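From first to last, the protein sequence lines stand for chains G and V.
Residues in the first sequence are numbered consecutively from 1, following full-length UniProt numbering.
Residues in the second sequence are numbered consecutively from 1, following full-length UniProt numbering.
Each residue gets a CB set at the ideal place from its N, CA and C atoms; glycine is no exception.
Values in this document were obtained by computation on a predicted structure and should not be read as measured data.
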Amino acid sequence: MASRRALKAVLIDLSGTLHIEDVAVPGAQEALARLRCAQVAVKFVTNTTKECKRTLLERLQRLSFDIEEREIFTSLTAARNLLEHKEVRPLLLVEDSALEDFAGIETSEPNAVVIGLAPDHFNYEMLNRAFRLIIDGAPLIAIHKARYYKRKDGLALGPGPFVTGLEYSTDTKAIVVGKPEKTFFLEALRDLNCSPEEAVMIGDDARDDVGGAQNTGMLGILVKTGKYRAGDEDKINPPPHLTCENFPEAVSHILQHLIS
Amino acid sequence: MRRSASRAVIMADQWPRCVREMKGVILDMCGVLYDSGEGGGVPIEGSVEAVRRLKSSDLQLRFCTNETQATREKFVGKLKRMGFDIDVREVFSPAPAVVAILKERCLRPHLLVHDDLLPEFDSVDKFNSNCVVIGDAADNFSYQNMNTAFQILISLEKPLLFSMGRGRYYKETDGLKLDVGVYMKALEYACDLEADVVGKPAPMFFQSVLNDMGLQPHEVLMIGDDLVNDVGGAQRCGMKGLQVRTGKYRPSDERDPTVTADGYVDNLACAVDTILKYRCV
């Protein structure tokens, strides 16, 4: 069953899969090196909305991961692409640290709302501003809808709950650009010349990483690090192709069973 | 005046026919009696007099609000200062109802509510909380406070969330504001749960008002500015529901695919004019 497709690409989540905040998952750097020796393309796909590509890259390099900037595809990039396509001026509910990826986008007199993970902006006054724009017809663009994420001090609310609240307030649906959207995964694979059936996704989020990838036609591997909580693998149907302890184990599985 | 849908005109012509069988009226407060805002808000023109006229009629009158920004006593005091003839015993609000549930089920709440509502919960044990209660907390809806509520819910074996109302937004003198329902939805999504709504449009809440009046649903008319929670909620209990074109009313309400009011009136004064006129015929 494992040999039914020739694997051409591996998509890898960052936060919670390769590292947790500023600590690498043990053995992850070496596992990535092993994967790179095989005949597969590697891409890093992330819903981390607080950080621009440059910051992500700097952290990964600091943690001794062998990664290049062009290999990173983030939901911020996907959001920027959509703003340019729609020619709208966004109210940006993203943290200052993410603004670099929106450099050059016009933001005066906003007629759209972009919402990422922005605890500093998720206060009552700012959400009211966003709400009033949306009820007057501005599109709501969500970088992703993750329910929560893992911090050193425990689980913390992601942007998803606030997006859901704004959707309810205005009876509209957000345009989601990050994982688990199909368009996100397809866009990530676009320059790899690879169909979803020839790719596998590794991540710690059952719905957004594994479920999203599998809905696109890829295989999904769930790792029990980061935000993983016992029983997460039962939250999606079909279940993950594989659930394993960590990224190094996922790589071993790929090398042994998915690459002939 | 604005009557955008022809259907609305027909309905507006029909609703007074049922007025003669009516024995009671329930009024929503914010957006019907007054517009809230800085300094407590301002009465809607004609509403003070309209309440007085209803009170001196043979109809029973109750007030039903999802207001959770102040204790019932303080809230009624504010309306009295605006000139309304209202007694605390005539007003039904979610906080006393939720307190009764907490005591009955021996639950200890973590509260995400407006500071001014806290005294309503003085008699409730809040130590080592095993449920979360949210109300219209306004500026208290910070990321940090939402996160605390989330962390408590997600740590419970069986997360339990009580929401005092499920409104989307309300109108203050300086514009539309997000209501508690938005934050209820946020926590529901975050924790994969469904909140227990206490307040409108929960049938239990309307039923407690009907019980107090000693009336059957078909004998009572609900008047509100919220199409879904006031009008739709009352209709699901078997009452008639009128929407006023004040407060949070938007013209698109009259074309809503899910709820059609039994009538639309420009304001409470117009509604009371019509009610009293048809009862005299």
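Exposure of R190 of chain G, with buried meaning 16 or more beta-carbon neighbours within 10 Å
For this step, residue 190 of chain G is matched to residue 190 along the first sequence. By the C-beta density criterion, R190 of chain G is exposed, having fewer than 16 other C-beta atoms within 10 angstroms.
Check for me: the alpha helix (DSSP H) holding P203 of chain V runs from which residue to which?
Position 203 of the second sequence, counted from the first residue, corresponds to residue 203 of chain V. From DSSP, the alpha helix (DSSP H) with P203 of chain V extends over 203–213.
Could you tell me the alpha carbon to alpha carbon distance between N147 of chain V and V259 of chain V, rounded to whole angstroms?
Translated into positions along the second sequence, residue 147 of chain V becomes position 147. Translated into positions along the second sequence, residue 259 of chain V becomes position 259. CA-to-CA, the gap between N147 of chain V and V259 of chain V works out to about 34 Å.
Which whole-angstrom value is the C-beta distance of I143 of chain G and P159 of chain G, which I expect to be below 8 Å?
Against the first sequence, residue 143 of chain G aligns to sequence position 143. Against the first sequence, residue 159 of chain G aligns to sequence position 159. Confirmed, about 7 Å.
If we require 3 or more residues per run, which beta strand (DSSP E) segments fall completely within the segment 134–172 of chain G?
140–142, 148–151, 154–157
So, helix, strand or coil for K171 of chain V, using DSSP?
Indexing the second sequence from 1 puts residue 171 of chain V at position 171. Strand, per DSSP.
Helix, strand or coil for S252 of chain V, going by three-state DSSP, please let me know.
Taking the first residue of the second sequence as 1, we reach residue 252 of chain V at position 252. Looking at S252 of chain V - three-state DSSP - the assignment turns out to be helix.
Nearest to F44 of chain G (by Cα), restricted to the options G:N215, G:E68, G:P238
Reading the first sequence from its first residue, position 44 is the one you call residue 44 of chain G. For the residues G:N215, G:E68, G:P238, the minimum Cα distance to F44 of chain G belongs to G:E68.
One question on the structure: do residue 265 of chain G and V163 of chain G come within less than 7 Å of each other, judged by their Cβ atoms?
Given a span of 1 to 260 for chain G in the structure shown, any question on residue 265 of chain G remains unanswerable.
I want to verify the contact list: residues of chain V whose CB lies under 7 Å from the CB of N128 of chain G, in sequence order.
Here residue 128 of chain G refers to the residue found at position 128 of the first sequence. Those are K177, L178, listed as they occur along chain V.
Return the chain-ordered list of same chain residues with a C-beta closer than 6 Å to the C-beta of G41 of chain V, the five sequence neighbours on each side being excluded.
Indexing the second sequence from 1 puts residue 41 of chain V at position 41. Y34, D35.
Can you tell me which of the three DSSP states V23 of chain G falls into?
For the purposes of this step, residue 23 of chain G is taken as residue 23 along the first sequence, with counting starting at 1. Here V23 of chain G sits in strand by DSSP.
Same chain only: Cβ atoms within 8 Å of D66 of chain G, ignoring 5 sequence neighbours per side:
Residue numbering aside, residue 66 of chain G sits at position 66 when the first sequence is read from its first letter. If we look at D66 of chain G and ignore the five residues flanking it on each side, its Cβ neighbours are Q29, L32, A33, R36.
From D273 of chain V to E45 of chain V, what does the alpha carbon distance come to, in whole angstroms?
Sequence index remark: in the second sequence, residue 273 of chain V carries index 273 (1-based). Sequence index remark: in the second sequence, residue 45 of chain V carries index 45 (1-based). Going from the Cα of D273 of chain V to the Cα of E45 of chain V covers about 14 Å.
Would A118 of chain G and P90 of chain G be called neighbours here (beta carbons separated by less than 7 Å)?
On the first sequence, position 118 is the one that residue 118 of chain G refers to. On the first sequence, position 90 is the one that residue 90 of chain G refers to. Taking 7 Å as the Cβ cut-off, A118 of chain G and P90 of chain G do not qualify as a contacting pair.
Chain V contact residues for A206 of chain G, given Cβ-Cβ distances below 8 Å:
Looking up residue 206 of chain G in the first sequence gives position 206. Neighbours of A206 of chain G on chain V: none; closest Cβ ~12 Å, over 8 Å.
Applying the criterion that 16 or more other CB atoms from any shown protein chain within 10 Å of the CB defines a buried residue, is G175 of chain V buried or exposed?
By 1-based counting over the second sequence, the position of residue 175 of chain V is 175. G175 of chain V comes out exposed.
Using the rule of at least 16 other Cβ atoms within 10 Å of the residue's Cβ for burial, across every protein chain shown, is R17 of chain V buried or exposed?
As a position in the second sequence, residue 17 of chain V is number 17, starting the count at 1. Burial call: exposed.
For A269 of chain V and V48 of chain V, what's the separation of their Cα atoms in angstroms?
If you number the second sequence from 1, residue 269 of chain V lands on position 269. If you number the second sequence from 1, residue 48 of chain V lands on position 48. If you draw a straight line from the Cα of A269 of chain V to the Cα of V48 of chain V, it comes to about 9 Å.
According to DSSP, is T183 of chain G part of a helix, a strand, or is it coil?
As a position in the first sequence, residue 183 of chain G is number 183, starting the count at 1. Helix.
Within 10 angstroms of its Cβ, does F122 of chain G collect 16 or more other Cβ (buried), or is it exposed?
Residue numbering aside, residue 122 of chain G sits at position 122 when the first sequence is read from its first letter. That one is buried.
Can you confirm whether T172 of chain G, when its beta carbon is compared against all beta carbons of chain V, has any partner nearer than 7 Å?
In the first sequence, counting from the first residue as 1, residue 172 of chain G sits at position 172. Output row for T172 of chain G: interface = no.
Where the alpha helix (DSSP H) through residue 268 of chain G begins and ends:
With chain G running from 1 to 260 in the structure shown, residue 268 of chain G is simply not present.
Three-state secondary structure (DSSP) at H110 of chain V?
By one-based count along the second sequence, residue 110 of chain V stands at place 110. Residue state, collapsed to three classes: strand.
S75 of chain G and V177 of chain G - do their beta-carbons sit closer together than 7 Å?
As a first step, residue 177 of chain G must be located in the first sequence, where it is residue number 177. As a first step, residue 75 of chain G must be located in the first sequence, where it is residue number 75. It is a contact, given that the beta carbons lie within the stated cut-off.
At least three beta-carbon pairs within less than 8 Å, the segment 175–189 of chain V to the segment 164–183 of chain G:
yes
Give the straight-line distance between the Cα atoms of T243 of chain G and A9 of chain G, rounded to the nearest whole angstrom.
Numbered from its first residue, the first sequence carries residue 243 of chain G at position 243. Numbered from its first residue, the first sequence carries residue 9 of chain G at position 9. About 19 Å.
So that I know if they touch, is there some Cβ in chain G lying closer than 7 Å to that of Y170 of chain V?
Reading the second sequence from its first residue, position 170 is the one you call residue 170 of chain V. At a cut-off of 7 Å between C-beta atoms, Y170 of chain V does not count as an interface residue with respect to chain G.
Grab me the residues of A78 of chain G's own chain with a C-beta within less than 7 Å of its C-beta, minus the 5 sequence neighbours each way, in chain order.
Indexing the first sequence from 1 puts residue 78 of chain G at position 78. The residues are V177, G178, F184, E187.
Give a yes or no on whether the C-beta atoms belonging to P196 of chain G and G217 of chain G are separated by under 7 Å.
The residue you call residue 196 of chain G lines up with position 196 of the first sequence. The residue you call residue 217 of chain G lines up with position 217 of the first sequence. Yes, the Cβ-Cβ distance between P196 of chain G and G217 of chain G is below 7 Å.
Strand pairing of D35 of chain V, partner residues [DSSP]:
On the second sequence, position 35 is the one that residue 35 of chain V refers to. Answer is V:V42, bridged to D35 of chain V.
Taking any Cβ of chain G, which residues in the segment 183–210 of chain V have a Cβ under 7 Å from it, in chain order?
Cβ contacts with chain G come from Y183, K185, A186, L187, Y189, A190.
So, under 8 Å CB-CB, M201 of chain G and L57 of chain G are touching, yes? Tell me the CB distance rounded to an integer number of Å.
On the first sequence, residue 201 of chain G is found 201 positions in, with the first residue counted as 1. On the first sequence, residue 57 of chain G is found 57 positions in, with the first residue counted as 1. Actually they are not in contact, since the Cβ atoms of M201 of chain G and L57 of chain G sit about 20 Å apart, beyond 8 Å.
If you measure between the beta carbons of I223 of chain V and L27 of chain V, is that distance less than 7 Å?
Working through the second sequence from its first residue, we reach residue 223 of chain V at position 223. Working through the second sequence from its first residue, we reach residue 27 of chain V at position 27. A contact, by the Cβ cut-off of 7 Å.
Out of V:F150, V:D122, V:F162, point me to the one whose CA is closest to G135 of chain V's CA.
For this step, residue 135 of chain V is matched to residue 135 along the second sequence. When only C-alpha atoms are compared, the closest one is V:F162.
With DSSP run on the structure shown, which of helix, strand or coil describes G60 of chain V?
Your numbering for residue 60 of chain V matches position 60 in the second sequence. Checking the displayed sequence, the identity of residue 60 of chain V turns out to be Gln instead of Gly. DSSP places Q60 of chain V in strand when its eight states are reduced to three.
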